[in-house]
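Trainee: Quick one: structure below, then a few questions.
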Amino acid sequence: MKKRMGLLLSTLFAASTLLAACGGQGGNNAGGGKDTFSVAMVTDVGGIDDKSFNQSAWEGLQKFGKDNGLEKGRGGYDYLQSSSDTDYATNLNKLVRSDFDLIFGIGYLMGDAVKEVAKQNPKKHFAIVDTVVDEPNVASITFKEHEGSFLVGVVAGLMTKTNKIGFVGGMEIPLIEKFESGFRAGVKAVNPKATVEVQYAGAFDQADKGKAIASSMYASGIDIIYHAAGATGNGVFSEAKDLKKKDPNREIWVIGVDKDQAPEGELKVGGKTYNVTLTSMVKRVDVAVYDTAKRAKEGDFPGGKTIEYGLPENGVGIAPTQDNIPENVLKTVDEWKQKIIKGEVKVPTNRKEYEQFAATIK
């Protein structure tokens, strides 16, 4: 009897040890028996439905979650939305307390907050999009926005009928200056006679300001506006569509940003469908977020490193929706794309470099 009881206890002990061992496997964090990987992001003030930058990041995170069998919410994948810059650190800390394995800060403006929270939580993994945070537990994701902007500048330069083109930026910061400088260079490269008027709204979340600037630009004879303004750019689309409704024959265009914004330019007038989106400069924030989350889950988190996405990595470019662009223009765009990839053309990243570039164009 004692022998059988001893054998039974030994078997139970072995089984419980095996179960405990199994419970500790599969997760990227030791302790607590965690066997799933969780990831979340904090938006900037543009919000999750800005139809641009933040939305693209969330789409990438959603795809990662679904591909890996995660559910939305704590322990899976989630987001917190920021109403102002004072929310950044608060939201990041909320996600830290919720024990997410990887936490993204979406946007250049979140750099200081990510740095602060990452230093306070050295064992946590963070990622920042659009700027560099020099901390060992932060992966920095950047893009060559100037290269993609150059290509849509080529489109604008070749397709303008008035030789008057506009650029609407969100905040006047070095990041948006990359969009501006690359775009102006693309226009200049193919149409030296064209002028580009530049205006900044001072915000990424004020569509009314975008609409007011666009109204002034279109009234001055500008026929194409490229915006790099997040949700503020929604106002540019709104104004272009209002003008198109008044005069369906008027050739008036918007160039979108970050994701394919063709859906934002669609409207109906008298039963006929039009689209004021000429093209968009696609910035694959969704791909970058997905890739970084995948690497972290697989134990290859690129902490302390900067990952840059440009034309060779298909991280930037023109949108796949190209219904309003003639074939000969697309061919020219591809020619310039190849020149940039081969290093034959250096696209400017700021106004000083743009002036140097412009001086080489006859």
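Heads up, the sequence shown is in my numbering, so the first residue is 1 and it goes up one at a time.
Don't be surprised by glycine CBs; every beta carbon is placed ideally from N, CA and C.
With DSSP run on the structure shown, which of helix, strand or coil describes Asp258?
Mentor: Counted from its first residue, the sequence shown places residue 258 at position 258. Residue state, collapsed to three classes: strand.
Trainee: Taking C-alpha atoms, which residue in Glu355, Pro312, Asp99 and Asp78 lies nearest to Val364?
Mentor: There is no way to answer for residue 364, as the model of the chain reaches only from 1 to 362.
Trainee: Smallest Cα separation from Val155: which of Gly317, Pro348 and Lys352?
Mentor: Within the sequence shown, the letter at position 155 stands for residue 155. Checked all of Gly317, Pro348 and Lys352; the closest Cα to Val155 is Gly317.
Trainee: Distance check for Ala229 and Lys134, CA to CA, integer angstroms please.
Mentor: Numbered from its first residue, the sequence shown carries residue 134 at position 134. Numbered from its first residue, the sequence shown carries residue 229 at position 229. Note that residue 134 is Asp in the sequence shown here, rather than Lys. Distance between the alpha carbons of Asp134 and Ala229 is about 26 Å.
Trainee: Report the rounded CA-to-CA distance for Glu308 versus Ala57, giving the unit in angstroms.
Mentor: If you number the sequence shown from 1, residue 308 lands on position 308. If you number the sequence shown from 1, residue 57 lands on position 57. If you take the alpha carbons of Glu308 and Ala57, they lie about 16 Å apart.
Trainee: With DSSP collapsed to three states, give me the class of Thr305.
Mentor: Here residue 305 refers to the residue found at position 305 of the sequence shown. Inspection of the sequence shows that residue 305 is occupied by Lys rather than by Thr. If DSSP states are grouped into helix, strand and coil, Lys305 belongs with coil.
Trainee: Per the DSSP calculation, Ile318 is bridged to which residue(s)?
Mentor: As a working mapping, residue 318 is identified with position 318 in the sequence shown. Paired residue(s): Met281.
Trainee: Should Pro381 go down as buried or exposed, given a rule of 16 or more other Cβ atoms within 10 Å for buried?
Mentor: Not covered by the structure: residue 381. The range shown for the chain is 1 to 362.
Trainee: With DSSP collapsed to three states, give me the class of Ser199.
Mentor: Counted from its first residue, the sequence shown places residue 199 at position 199. Position check: residue 199 holds Gln in this sequence, whereas Ser was assumed. Here Gln199 sits in strand by DSSP.
Trainee: Starting from Gly153 and walking both ways along the alpha helix (DSSP H), at which residues does that stretch end?
Mentor: Locating residue 153 in the sequence shown gives position 153, counting from the first residue. Segment Glu145 to Met159, the alpha helix (DSSP H) holding Gly153.
Trainee: Classify Glu177 as buried or exposed, calling it buried when 16 or more other Cβ atoms lie within 10 Å of its own Cβ.
Mentor: The count along the sequence shown starts at 1 and reaches residue 177 at position 177. So Glu177 counts as buried.
Trainee: Assign Phe357 to one of three DSSP states: helix, strand, or coil.
Mentor: Start at 1 with the first residue of the sequence shown, and residue 357 comes out as number 357. In this structure, Phe357 counts as helix in the three-state DSSP scheme.
Trainee: Using only the alpha-carbon positions, how far apart do Lys342 and Ala189 sit?
Mentor: On the sequence shown, residue 342 is found 342 positions in, with the first residue counted as 1. On the sequence shown, residue 189 is found 189 positions in, with the first residue counted as 1. Those two C-alpha atoms are separated by around 17 Å.
Trainee: Using CA coordinates, which residue listed in Gln322, Asp101 and Val287 is at the minimum distance from Thr142?
Mentor: Start at 1 with the first residue of the sequence shown, and residue 142 comes out as number 142. Of the listed residues, the one whose Cα sits closest to Thr142 is Val287.
Trainee: Do the CB positions of Gly235 and Ala207 come within less than 8 Å of each other?
Mentor: Here residue 235 is taken as the residue at index 235 of the sequence shown, counted from 1. Here residue 207 is taken as the residue at index 207 of the sequence shown, counted from 1. Yes, the Cβ-Cβ distance between Gly235 and Ala207 is below 8 Å.
Trainee: Which residue marks the beginning of the beta strand (DSSP E) containing Gly271, and which one marks its end?
Mentor: Numbered from its first residue, the sequence shown carries residue 271 at position 271. That residue, Gly271, is in no beta strand (DSSP E); it is neither H nor E in DSSP.
Trainee: Where do the N-terminal and C-terminal ends of the alpha helix (DSSP H) with Tyr226 fall, by residue?
Mentor: Here the question's residue 226 lines up with position 226 in the sequence shown. Run containing Tyr226: none in the alpha helix (DSSP H); it sits in the beta strand (DSSP E), Ile224 to Ala228.
Trainee: Near Glu264, which residues of its chain fall below 6 Å by C-beta distance, leaving aside the five closest residues on each side in sequence?
Mentor: Start at 1 with the first residue of the sequence shown, and residue 264 comes out as number 264. Same-chain partners within the cutoff: Lys51 and Phe237.
Trainee: So the beta strand (DSSP E) Asp208 belongs to, where does it begin and stop?
Mentor: Residue 208 sits at position 208 when you count from the first residue of the sequence shown. No beta strand (DSSP E) holds Asp208; the alpha helix (DSSP H) holding it covers Ala207 to Ala219.
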